[in-house]
Amino acid sequence: MSVEHASIRIIDGYARGDTDLAADEVWALEAHLEMCRVCRDRLSASVAAQAPAVAALVGTVWSDLEPQLVGTAPVPRRRRWSARLSKWMTPVMVPWLAMVVGVTLLALLLDLADTGSGEVSLVLLFSPVLPVLGVAASWSRGLDPAYELTASAPRAGLYLVLRRTASVLAVVVPALLLGGWVTGVTAAQWLLPCLAFTSTTLALGGVVGVTRAAAWLVAGWAVVIVAPTLAAGRTTFALATDGLPVWGLILALGIGVVIARRGAYSVLGAHR
Amino acid sequence: MMPAVSAADIAPTPYAWEIRATGLKVRVGRNHMAVDGLDLSLGTGVHGLLGPNGAGKSTLIRALATVLRPAEGNLELLGESAGGRGEHRALRRRIGYLPQEFGYYKRFTVREFVEYMAWLKEVPKADIPAAVQHAVERVGLADRADKRMKTLSGGMVRRVGIAQAIVNDPSILLLDEPTAGLDPAQRLRFRELLQELGKDTCVVVSTHLVEDVAAACTDVVLFAEGRLVFQGTPEDLAGAGDPEHVGDSPLERGYAALLLGPGRGRGAW
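Chains as they are written, first to last, in UniProt numbering: chain D, 1 to 272; chain X, 1 to 269.
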């Protein structure tokens, strides 16, 4: 970019405080100085050379200010990781996610120990509802003390919901992947149900509140699927490979509802 | 270095009132109208929102903060309709809000918390450190900026709440019971800050302390059972009361006269 710079005559005159500079020249120069670092540097050099009185005055001000500046604490440069993490999840979500990972590992241990659940993989059985617990914590009135502040911010709404959901999935999916790999459950079997449950929680959450929606879904899953499966001791129809298109459909529906009702996440109603 | 005058500073204001409500109704719960047919126009200045407990002050402030959707009526903020289904991102960038129950993260330092709020309010990344420092200095917490929130006293936490509300340099500032928990000296300092902010901002302060209004507000909005009872200057409010009304100061007597009506009140809560 080619820029016209101020002439040294004008800058020197400005530094000396000459009265023969026209008002419009001064105006143009000041407007230019605001934008142009090069000319500001030239001006400061010019002040030192042309106006020793000004330079002396500035020097005195500096020497007066310096003791006070030493006293003020400098702004810390590096931010703690927990503060940076807050853009992805609230600090109160961390224990919940730890719990979710804990449950995954527990299910994995039980699977490996093969205690009484027959051919059923507990990791597979719990996989759809695990992220739901994290999502509930991400948008909850009871868990997040700053929920009202968050809801009133411009970034609230779908953007923040998706960001926090993504961070939940980023923790839960690797844990499940590990569990699945150890117990020999393929990712295809649990990933779609997992995502479908997450999107349904958010879609329902826009209507009745995310925490409430999560509670309903987890309870529903426990009653309808987990209990009968454990009783019967074989893999449920819901998690069989033929069920995948249905899960895909639920996922698509959930995403559609979330996008259509995007405004619902920026009001207090979604925090119930 | 920032240009001294930006295009946004000299753009004409396209609205007459920062806050304009006509026939506003806000529902709380299933069938209770906490704000019931409110007509209100507020411009630049400090507006004291007075009313008994349960009058709907917090609900009104929440509706103004766009976290509650109006059930009926029109609400225009900064010339933009705030009633619809949208997310109002552009509008929210220009609103500062301190809820009555100010929740915060205990492990954050003051600076981290205000920075986090600035990020949530979409303050440009390059401006955040300066904006945070300025906000923290304005509420007199510069020396505590790097202390954890859990080490602060109740009054200081309240001031952090005010700092986060003003960090985005809002055009509408909504403060719900900001003086709760402040000691008398802090309250005085807070009133000065309010007057300073009121010069170019529409500040709405909800309170049930009549003396706060007298000291800091340019305008009083008296609110009861979801409706506007009175709007005018503190002097007008004082003028509405007669010596026979309950209260220890002219303002309290005016408040009693308008809310309780003549002859009622004494002995009633």
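Where is the CB? At the ideal position from N, CA and C, for every residue including glycine.
Bear in mind that the values here come from a model prediction, so they are computed numbers and not experimental data.
In chain order, what residues of the same chain have a beta carbon less than 7 Å from the beta carbon of residue i, not counting five sequence neighbours either side?
i	result
alanine 49 of chain D	none
arginine 16 of chain D	Gln50 and Ala51
alanine 270 of chain D	Trp139, Gly205, Gly206, Gly209, Val210 and Ala264
methionine 117 of chain X	Gln164 and Val167
alanine 187 of chain D	Leu177 and Gly180
What did DSSP end up calling residue i once you bin it into helix, strand or coil?
i	result
leucine 57 of chain D	helix
lysine 150 of chain X	helix
valine 267 of chain D	coil
phenylalanine 102 of chain X	coil
glycine 134 of chain D	helix
serine 206 of chain X	strand
serine 140 of chain D	coil
valine 139 of chain X	coil
glycine 51 of chain X	coil
isoleucine 19 of chain X	strand
leucine 40 of chain X	strand
serine 81 of chain X	strand
glycine 157 of chain D	coil
methionine 1 of chain X	Any reading at methionine 1 of chain X must be qualified, since the residue scores a pLDDT of 48, below 50, and its modelled position is unreliable; the value itself is stated next. In this structure, methionine 1 of chain X counts as coil in the three-state DSSP scheme.
residue 307 of chain X	The question about residue 307 of chain X has no answer here: the residues shown for chain X are numbered 1 through 269.
threonine 59 of chain X	helix
alanine 219 of chain X	The identity of residue 219 of chain X in the sequence shown is aspartate, whereas the question assumes alanine. The answer is strand: DSSP assigns aspartate 219 of chain X an E or B state.
glutamate 211 of chain X	helix
lysine 121 of chain X	coil
alanine 15 of chain D	helix
glycine 254 of chain X	helix
Count the other C-beta atoms from every protein chain shown that fall within 10 angstroms of the C-beta of residue i, then say buried if there are 16 or more, exposed otherwise.
i	result
alanine 256 of chain X	buried
tryptophan 81 of chain D	exposed
glutamine 68 of chain D	exposed
glycine 13 of chain D	buried
isoleucine 10 of chain X	exposed
glutamate 148 of chain D	buried
tyrosine 265 of chain D	buried
threonine 104 of chain D	buried
aspartate 219 of chain X	buried
leucine 237 of chain X	buried
aspartate 248 of chain X	exposed
tryptophan 27 of chain D	exposed
asparagine 53 of chain X	exposed
valine 246 of chain D	exposed
valine 110 of chain X	buried
glycine 254 of chain D	buried
alanine 22 of chain D	exposed
Might you give, ordered along the chain, the residues of its own chain that have their beta carbon closer than 6 Å to the beta carbon of residue i, omitting 5 neighbours on each side?
i	result
leucine 251 of chain D	Leu195, Ala196 and Ser199
residue 281 of chain X	The structure shown does not extend to residue 281 of chain X, since chain X is modelled only from 1 through 269, so no value can be given for it.
proline 128 of chain D	Pro193, Cys194 and Phe197
threonine 90 of chain D	Asp144
threonine 150 of chain D	Ala156
glutamate 80 of chain X	Leu91
leucine 260 of chain X	none
valine 229 of chain X	Leu222 and Leu258
histidine 5 of chain D	Cys39
Which chain X residues are close to residue i, counting only those with a beta carbon under 9 Å from its beta carbon?
i	result
arginine 155 of chain D	Arg89, Arg92, Trp119, Leu120, Lys121 and Glu122
proline 131 of chain D	What proline 131 of chain D touches in chain X: nothing, since even the nearest Cβ is about 23 Å away.
Excluding the 5 residues preceding and the 5 following residue i in the sequence, name in chain order all residues of the same chain whose CB lies nearer than 8 Å to its CB.
i	result
aspartate 212 of chain X	Gly48, Thr179, Arg187, Arg191 and Val205
phenylalanine 237 of chain D	Gly243
glycine 232 of chain X	Asp219 and Val220
leucine 193 of chain X	Arg138, Val139 and Ile162
Would you mind telling me which residues of chain X sit closer than 8 Å to residue i, beta carbon to beta carbon, in chain order?
i	result
serine 63 of chain D	Result: empty, since nearest Cβ-Cβ is about 23 Å, beyond 8 Å.
threonine 150 of chain D	Leu120
proline 52 of chain D	Near proline 52 of chain D there are no residues of chain X at all, since even the closest Cβ is about 25 Å away, more than 8 Å.
At 7 Å on the CB atoms, spell out the chain X contacts of residue i, in chain order.
i	result
valine 267 of chain D	Val67, Leu68 and Arg69
proline 67 of chain D	Ordered by position in chain X, no residue passes the 7 Å Cβ test against proline 67 of chain D, which lies about 16 Å from the chain.
Just to make sure I have the definition right: I need the residues of chain D whose C-beta is within less than 8 Å of the C-beta of residue i. Which are they?
i	result
glutamate 101 of chain X	Glu148
glycine 86 of chain X	Gly263
arginine 30 of chain X	Correct list: empty, because the minimum Cβ distance to chain D is about 13 Å.
arginine 107 of chain X	Ser82 and Pro91
Name the chain D residues that come within less than 9 Å of residue i, Cβ to Cβ?
i	result
tyrosine 97 of chain X	Glu148, Leu149, Ser152 and Ala153
glutamate 112 of chain X	Arg79, Arg80, Ser82, Ala83 and Ser86
Practice task
With 9 Å as the C-beta to C-beta threshold (strictly closer), list the residues of the region 181-196 of chain X near chain D in chain order.
Solution key: For chain D, none of the residues of the region 181-196 of chain X brings a beta carbon within less than 9 Å of one of its beta carbons.
Handout entry: Chain-ordered residues of the region 251-267 of chain D with a beta carbon less than 9 Å from chain X
Key = Answer set for the region 251-267 of chain D: Arg261, Arg262, Gly263, Ala264, Tyr265, Ser266 and Val267.
Problem - Residues, ordered as in the chain, of the region 77-96 of chain D that lie near chain X by beta-carbon distance below 9 Å - result: Cβ proximity to chain X below 9 Å picks out Arg79, Arg80, Ser82, Ala83, Ser86, Lys87, Thr90, Pro91 and Val92 from the region 77-96 of chain D.
Problem - Near-chain X residues of the region 168-181 of chain D - C-beta to any C-beta below 8 Å - result: Against chain X - using a Cβ distance shorter than 8 Å - the region 168-181 of chain D contributes no residues.
Exercise for the section: Could you name the residues of the region 9-20 of chain X whose beta carbon sits closer than 9 Å to any beta carbon of chain D, in the order they occur along the chain? Expected result: Answer in chain order: no residues at all.
Handout entry: Proximal residues, the region 38-63 of chain X versus chain C, C-beta separation under 8 Å
Key = Absent here is chain C; the protein component of the structure consists of chains D and X.
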